[in-house]
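Heads up, the sequence shown is in my numbering, so the first residue is 104 and it goes up one at a time. We put the beta carbon where it would ideally sit given N, CA and C, even for glycine. Each remark here refers to the structure printed beneath this line.
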Amino acid sequence: MSTNVNTALAVGAAAIAVGTTAYAFSSKSSRPFYSANEIGRPVDDVSRKSTANKKSSIQGDDEFDFVIVGGGTAAMVLANRLTERSDVNVLVIEAGKSSRGVHAAQIPAIFFMLQRAASDWSYWTTPQKGCHNRELAWTRTKILGGCSSGNAMMFNLGVPQDYDEWAKLQKGAEGAEGWAYKGFQKYLQKFETFVPHPDVPCPTEERGKTGPVKTGYFGYFAGLGRAFIPTCEAIGIPHVPDVNTSKGAIGVTRVASYIDSKGRRVSTENSYLTPEVLARPNLKVVCGAQVTKICFNDAKRAIGVEFAEKKDGPVFFVGARNEVILSAGAINTPQILLLSGIGPASDLSKHSIPVVQHLPGVGRNLADHIVFNSSFPLRPGYSIKRYMIPTNAGEALSMAGAIAQYLIKGTGPMTSHAQECMAFVRVGDGEIGRKVAGGQPDVDEDSTSGKGAPDVEVMVAPLAWRDHGHKPFDVPEPMTITTTVLRPTSKGTVTLKSADPWDKPLIDPCYLTTKHDMEILVRSVRLAYQLTNTEPLKSIIDHDLKHPLLDHALGSKSNAEIEDVIRSRAETGYHPSCTARMAPLEDGGVVDARLRVHGVQGLRIVDASVQPEIVSGHTTGPTIGIAEKAADLIKEDY
Numbered sequence: 104m105s106t107n108v109n110t111a112l113a114v115g116a117a118a119i120a121v122g123t124t125a126y127a128f129s130s131k132s133s134r135p136f137y138s139a140n141e142i143g144r145p146v147d148d149v150s151r152k153s154t155a156n157k158k159s160s161i162q163g164d165d166e167f168d169f170v171i172v173g174g175g176t177a178a179m180v181l182a183n184r185l186t187e188r189s190d191v192n193v194l195v196i197e198a199g200k201s202s203r204g205v206h207a208a209q210i211p212a213i214f215f216m217l218q219r220a221a222s223d224w225s226y227w228t229t230p231q232k233g234c235h236n237r238e239l240a241w242t243r244t245k246i247l248g249g250c251s252s253g254n255a256m257m258f259n260l261g262v263p264q265d266y267d268e269w270a271k272l273q274k275g276a277e278g279a280e281g282w283a284y285k286g287f288q289k290y291l292q293k294f295e296t297f298v299p300h301p302d303v304p305c306p307t308e309e310r311g312k313t314g315p316v317k318t319g320y321f322g323y324f325a326g327l328g329r330a331f332i333p334t335c336e337a338i339g340i341p342h343v344p345d346v347n348t349s350k351g352a353i354g355v356t357r358v359a360s361y362i363d364s365k366g367r368r369v370s371t372e373n374s375y376l377t378p379e380v381l382a383r384p385n386l387k388v389v390c391g392a393q394v395t396k397i398c399f400n401d402a403k404r405a406i407g408v409e410f411a412e413k414k415d416g417p418v419f420f421v422g423a424r425n426e427v428i429l430s431a432g433a434i435n436t437p438q439i440l441l442l443s444g445i446g447p448a449s450d451l452s453k454h455s456i457p458v459v460q461h462l463p464g465v466g467r468n469l470a471d472h473i474v475f476n477s478s479f480p481l482r483p484g485y486s487i488k489r490y491m492i493p494t495n496a497g498e499a500l501s502m503a504g505a506i507a508q509y510l511i512k513g514t515g516p517m518t519s520h521a522q523e524c525m526a527f528v529r530v531g532d533g534e535i536g537r538k539v540a541g542g543q544p545d546v547d548e549d550s551t552s553g554k555g556a557p558d559v560e561v562m563v564a565p566l567a568w569r570d571h572g573h574k575p576f577d578v579p580e581p582m583t584i585t586t587t588v589l590r591p592t593s594k595g596t597v598t599l600k601s602a603d604p605w606d607k608p609l610i611d612p613c614y615l616t617t618k619h620d621m622e623i624l625v626r627s628v629r630l631a632y633q634l635t636n637t638e639p640l641k642s643i644i645d646h647d648l649k650h651p652l653l654d655h656a657l658g659s660k661s662n663a664e665i666e667d668v669i670r671s672r673a674e675t676g677y678h679p680s681c682t683a684r685m686a687p688l689e690d691g692g693v694v695d696a697r698l699r700v701h702g703v704q705g706l707r708i709v710d711a712s713v714q715p716e717i718v719s720g721h722t723t724g725p726t727i728g729i730a731e732k733a734a735d736l737i738k739e740d741y
């Protein structure tokens, strides 16, 4: 990196530090969080006798009605909804800290700064054969609110067919129909308050109006979408004001976001775990402690958990009278299950872990959205790269100015979540698919949840990046078209490296190991190329600028050449799911339709890992909906 770039980045970093320190000071809260030794008993002093039938009020801080493992996206919902009942005591145990005061978890545009830092689990995959044996970075946010506190804030719910498929996969089990879209939609609306924006006309009949989570169109809009939307229309992709309704998602739209009218990120921590909720006497939250094991009695009932603040520190136990609720996410949930003796017996025996319940589906069926970023140069005035990823002193000053605007007004480029528009299309078949395939036959396998469902998402951003924003992109005015395989058939695993709970698990998403996924991704790259050569987008792209980071010529290459580039650059879409899927036991299920773990008692899972199949869109909204429904299921059971 050149001296000028280093200087620019230093100026930008200094501006962020000064500005966001002021912001953090205004966000300070006196909300109570606890340490491990304030709540638990040292393991050596614990008899671990079952207290499942005990109905008296809580006698101390080491026994609760419900112990929620993990403080992520879904956990914040549960903490709020379960403690609405004053006769229920709840404990949340989170490995990270609060997102309050974490600058990158509050200011939308700098969310990428959370990655590979203290507030990130900093996972990496195993070498991916389908990606030229690269080990890929897998960021998972390690603070309250989980990935809702560190994602790109794009509000999307998938399509109705996804939820109808979830219901069908339960094969008539108790409560199965409640997961179909007709029944589940109320939970997607329950969490939301949609805030209209004067610049974006949008129907509101199917939007939530009273939920804790504010959604809308308050992210910075640079204007690239004004060319992208009519360009999509020109090739046959209709403009749809809202892709999150019962009418489905096929079409192009401006991206709605989890950003409020004051330019702040909306996470499940600041939506559900408000100071008023934290003040409830029946809720306690431990931060900075990692659950190492779920404890069971001889009847295979979960009776509590063990947790610690560091590897060589003391281990504590806390009891659960009713249930332990795993809400640790698609990576940590299967890891904790395996460490606790629940999973494939063969996997457990490798690490000399006693088998509590042989459950072959634990850590299997890992699904994630694989993405490819195509980069192109814009003519001056359309890109926001100078505000986000400065590569010279002038751009660093632009960043500083944008930060000042944000701190004073809560507006401007610092409220950007990068992607301005999204389009959902089918490229495996249909008119657009056949056109981009150049006369090739339709893709053999239709992995979508229904004929009206998309197989690809196309997003456009007025900036570009490499290595998740951690490497400079020294093109003055770049843009990116991100294409995503929405329904991958490549399924992976989460397994243990060892029986040591402090060792990171082995993550193998098996990216691009099926013919289907590569065919879909190649077609989506050709679709991106077609868009850049269609008006009006074509006119604002500088087709004469040549640079090794740019993809002008990619669409004109052979399928084999495109495949090679994809394997060298494809990355995660940050949507891991399905590793503890809701399905019958014989179909690899881990939980039933009420989210109870098969074969044991007193253990439920509520997070993205229970999705039976990955949704055809972004996963935060569906996960919040799952948690809202789970809270009602739990209240019904107790």
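Asked, Found
"Since G702 contacts K414 with CB under 8 Å, what's their CB separation in whole angstroms?", "That pair is no contact at about 30 Å."
"Tell me the DSSP secondary structure of S129 in three-state form.", "Residue placement at S129 cannot be trusted, given a pLDDT of 40 that sits under 50; what the coordinates show is reported in the next sentence. Three-state DSSP puts S129 in a helix."
"Rounded C-beta distance between R684 and Q714? I'm assuming under 8 Å.", "7 Å"
"Looking only at its own chain, which residues have a Cβ that is under 6 Å from the Cβ of A526, when we skip the five neighbours before and after it?", "C335, I340, V355 and V561"
"Check the C-beta distance from T675 over to L239 and give it rounded, since I have them as a contact under 8 Å.", "6 Å"
"Rounded C-beta distance between I473 and Y677? I'm assuming under 8 Å.", "The Cβ separation is near 11 Å, so there is no contact."
"For G407, which of helix, strand or coil comes out of DSSP?", "strand"
"What are the boundary residues of the alpha helix (DSSP H) that D401 is part of?", "Counting along the chain, D401 falls outside any alpha helix (DSSP H), and DSSP gives it neither H nor E."
"What is the rounded straight-line gap between the Cα of N476 and the Cα of D620?", "16 Å"
"Restricting to Cα atoms, I'd like to know which of S593, Y741 and T637 is closest to Q231.", "S593"
"Which class does T307 belong to by DSSP, given the choice of helix, strand or coil?", "coil"
"Could you name the residues of the same chain whose beta carbon sits closer than 6 Å to that of K538, not counting the 5 residues immediately before and after it, in chain order?", "none"
"For S130 and R367, I'd like the C-alpha separation in whole angstroms.", "No answer about S130 holds up, because its pLDDT of 41 lies below 50 and its placement is not dependable."
"Which runs of the beta strand (DSSP E) spanning at least 3 residues fall entirely within the region 387–472, listed in chain order?", "393–399, 405–411 and 418–429"
"A526 lies in the beta strand (DSSP E); which residues open and close that run?", "C524 to V528"
"Just reading off the alpha helix (DSSP H) that R629 is part of, what are its end residues?", "K618 to T635"
"If you follow the beta strand (DSSP E) that I487 is in, where does it begin and where does it stop?", "It is not in any beta strand (DSSP E) - I487 carries neither H nor E in the DSSP assignment."
"Between Y741 and W224, what straight-line distance do the alpha-carbon atoms span, to the nearest angstrom?", "34 Å"
"By DSSP, does R569 sit in helix, in strand, or in coil?", "strand"
"Does the region 422–438 come close enough to the region 571–583 that 3 or more CB-CB pairs lie under 8 Å?", "no"
"Pop quiz: G595 and L469 are said to be a contact at Cβ under 8 Å. What is the actual Cβ separation, rounded to whole angstroms?", "4 Å"
"Exposed or buried, which one is D168 when buried takes at least 16 other CB atoms within 10 Å?", "buried"
"Using the beta-carbon count (16 or more within 10 Å), is I643 buried or exposed?", "buried"
"How about the region 309–319 and the region 290–298: do they share at least three Cβ pairs that are nearer than 8 Å?", "yes"
"Is F215 helix, strand or coil when you go by DSSP?", "helix"
"Who are the Cβ neighbours of A411 in its own chain at under 8 Å, not counting the five residues just before and after it?", "A139, A392, Q393, T395, P417, V418 and F419"
"Determine which residues share a DSSP beta bridge with Y137 and list them.", "V389"
"Thinking T598 and G464 are a contact (beta carbons under 8 Å), I'd like their distance in whole angstroms, please.", "Going by Cβ atoms, the distance from T598 to G464 rounds to 13 Å, so no, they are not a contact pair."
"Provide the residue span of the beta strand (DSSP E) that contains V546, from first to last.", "No beta strand (DSSP E) holds V546; DSSP gives it neither H nor E."
"Can you give the Cα-Cα distance for T154 and E426, rounded to whole angstroms?", "The predicted model places T154 with a pLDDT of 44, which falls under 50 and marks its position as unreliable; any figure quoted below should be read in that light. Spanning the two alpha carbons is a distance of roughly 10 Å."
"If the criterion is Cβ atoms closer than 8 Å, does the pair A212 and T586 meet it?", "no"
"Looking at the unbroken beta strand (DSSP E) that takes in R357, where does it start and where does it end?", "G354 to R357"
"How about R697 and E268: are their beta carbons less than 8 Å apart?", "no"
"Among the candidates I665, G572, A733 and Q633, whose CA atom is the shortest distance from the CA of R219?", "G572"
"I believe T726 touches A208 by the beta-carbon criterion, under 8 Å. Please report the beta-carbon distance rounded to the nearest angstrom.", "Not a contact, Cβ separation roughly 17 Å."
"Would you identify the three-state DSSP class for V180, choosing helix, strand or coil?", "helix"
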